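All the letters of the sequence shown, read from the start, carry residue numbers 2 to 308 under the numbering used here.
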Amino acid sequence: MSIQLVFLGTGSGKPMPQRNVSSMGLFRDGELFLFDCGEATQIQLTRSNLRPGAIEGIFLTHFHGDHVNGLPGLIGSLTLNRRSRPLTITGPRGLRKWFKCLHDLHILRPGFPVKLEEVREPGPVFEGEDYHIETQPLEHRVDTWGYALVEDERPGRFDVGRALELNIPSGPLYGRLQRGESVTLDDGRQIEPEDVLGASRPGLKIAYCTDTVPCPSATLLARDADLLVHEATYPAGDEKLAHQRGHSTAGDAARCAKEAGARRLVLTHISQKHMNLDEIVSGAREIFAETEVARDFATFTVERRDR
């Protein structure tokens, strides 16, 4: 099994024909999550291989327009498509006030339940069956939060040879042991999962950090990530300008990935003034070799580790 990231917008500031503004889809085991929802996100969705109806949650980093202006239109289209399932939207403080204003002006009238969650402190903000999504504060010009999807550890591989040695009948008992349950055999022996399972296997971690200047909480969020998505509004070398404007360079993103022990880095949120992506990615690779730069509709697959 794997996680797929699909970039629906990789630019900053304003949409351009070549590069839309921020939004990323994360598809995992049939569930779709959106991180940010800039203008025209719903149009980008129709041009991608993602199904808007599969969206389970939307996570907003902050309230700058290039990260949220696409949300009213997307919700309106979901209503027109007769969505009935609840949708969770998570974002900074002010989310409920923003929604109330749009509702009162008849701009936003969802035809399905919307659960609004305002982020007020670091930690988990969304719980799934075998994963959670957590957040850390970033440092930008307004209240901003980064997110990470973190899978639970998985049981180790089932040792069929050991199960045969213990005379465990094949069938449902194998499945229960693989799920981490103890079982009692007909002869009265109790078999524990660790008797037939190898070492537990780590789940995946995907971190999403934009917009921010370099800060310890971004590194914390990215710690040991299998893939870190990090803003690179400016190329390496433009740190003074980037930091003055509350942003990071490609070099800053690479340093974050290296310090955090991330395995891969994908750069996004590129200034629309910089159309040469080779310039963006080359400066980062000098610091962190496993760096790629996202283009609109680029898909990155992260495979689960089986060690």
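The beta-carbon is built from N, C-alpha and C at its ideal position, and this holds for glycine as well.
Predicted, not measured: the structure shown is a model, and the values here were computed from it.
For residue 279, count neighbouring C-beta atoms within 10 Å of its own C-beta (all shown protein chains included) and say buried if the count is 16 or more, exposed if not.
Residue environment analysis places residue 279 among the exposed positions, since fewer than 16 neighbouring C-beta atoms fall within 10 angstroms of its C-beta.
Is it buried or exposed for residue 3, if we count other Cβ within 10 angstroms and need 16 for buried?
Residue environment analysis places residue 3 among the exposed positions, since fewer than 16 neighbouring C-beta atoms fall within 10 angstroms of its C-beta.
For residue 118 and residue 127, what's the separation of their Cα atoms in angstroms?
When only Cα atoms are considered, residue 118 and residue 127 end up about 9 Å apart.
CB of residue 272 within 8 Å of CB of residue 71, strictly
With contacts defined as CB atoms closer than 8 Å, residue 272 and residue 71 fail to qualify as a contacting pair.
By Cβ distance, which residues of its chain are closer than 7 Å to residue 1, with the 5 residues on each side in sequence left out?
A question about residue 1 goes unanswered here, because the residues of the chain that appear run from 2 up to 308.
List, from N- to C-terminal side, the beta strand (DSSP E) runs of 3 residues or more that fit wholly inside the region 210-273.
With a minimum length of 3 residues, the continuous beta strand (DSSP E) runs that stay inside the region 210-273 are 228-232, 266-269.
Mapping DSSP to helix, strand and coil, what is residue 1?
Look at the range of the chain in this structure, 2 to 308, and you will see that residue 1 is not part of it.
Can we say the region 204-221 touches the region 136-155, given the rule of at least three CB pairs closer than 8 Å?
With a cut-off of 8 Å, the region 136-155 and the region 204-221 count as touching, because enough Cβ pairs lie within range.
Of the residues 60, 219, 225, which one's Cα is nearest the Cα of residue 248?
Comparing Cα-Cα distances from residue 248 to each of 60, 219, 225, the minimum goes to 219.
Are residue 233 and residue 270 closer than 8 Å when you measure CB to CB?
For residue 233 and residue 270, yes; Cβs fall inside 8 Å.
Can you tell me which of the three DSSP states residue 133 falls into?
Residue 133: strand per DSSP, three-state reduction.
Can you list, in chain order, the stretches of the beta strand (DSSP E) that have 3 or more residues and sit fully within the region 154-212?
Listed in chain order, the complete beta strand (DSSP E) runs (minimum 3 residues) inside the region 154-212 are 206-210.
Going by the CB atoms, is the gap between residue 299 and residue 8 shorter than 8 Å?
Yes, Cβ-Cβ distance for residue 8 and residue 299 is below 8 Å.
According to the Cβ coordinates, are residue 11 and residue 62 closer than 8 Å?
Inclusion of residue 11 and residue 62 in the CB contact set at 8 Å is not warranted, their separation being larger than that value.
Can you tell which of 200, 183, 91 has the C-alpha that lies nearest to the C-alpha of residue 34?
It is 91.
Nearest to residue 29 (by Cα), restricted to the options 187, 135, 206
In this structure, 206 is the residue among 187, 135, 206 with its C-alpha nearest to the C-alpha of residue 29.
Going by beta carbon distance, what residues of the same chain come within less than 7 Å of residue 304, once the five residues before and after it are set aside?
Closer than 7 Å at Cβ, skipping near neighbours: 3.
6 Å CB neighbourhood of residue 88 in its chain, flanking five on each side removed:
Correct list, in chain order: 115.
Which residues in the same chain as residue 111 place their Cβ atom closer than 7 Å to its Cβ, once the five residues preceding and following it in sequence are excluded?
76, 80, listed in sequence order.
Pick out whichever of 19, 252, 179, 56 has its Cα sitting closest to the Cα of residue 154.
When each option's Cα is compared against that of residue 154, the closest is 179.
What ranges does the beta strand (DSSP E) occupy inside the region 16-82, keeping only unbroken runs of at least 3 residues that lie completely in it?
As far as the region 16-82 is concerned, its whole beta strand (DSSP E) runs of at least 3 residues are 24-29, 32-36, 56-60.
Where does the unbroken beta strand (DSSP E) through residue 9 begin, and where does it stop?
From DSSP, the beta strand (DSSP E) with residue 9 extends over 3-10.
Whose C-beta lies closer than 6 Å to the C-beta of residue 302 among residues of the same chain, with five residues either side of it excluded?
Once the five neighbours on either side are set aside, the close Cβ partners of residue 302 are 3, 5.
Short of 8 Å in beta carbon distance, which residues of its chain neighbour residue 97, apart from the five on each side in sequence? Order them along the chain.
Taken in chain order, the residues that qualify are 117, 119.
Taking only three categories from DSSP, how would you classify residue 297?
Here DSSP, grouped into helix, strand and coil, assigns residue 297 to coil.
Does the distance from the C-beta atom of residue 134 to that of residue 60 stay below 8 Å?
Contact check for residue 134 against residue 60 passes: the beta carbons are separated by less than 8 Å.
Less than 8 Å between the beta carbons of residue 147 and residue 137, yes or no?
Taking 8 Å as the Cβ cut-off, residue 147 and residue 137 qualify as a contacting pair.
CA-to-CA distance, residue 285 to residue 295, given in whole angstroms:
Their backbone Cα atoms lie some 13 Å apart in a straight line.
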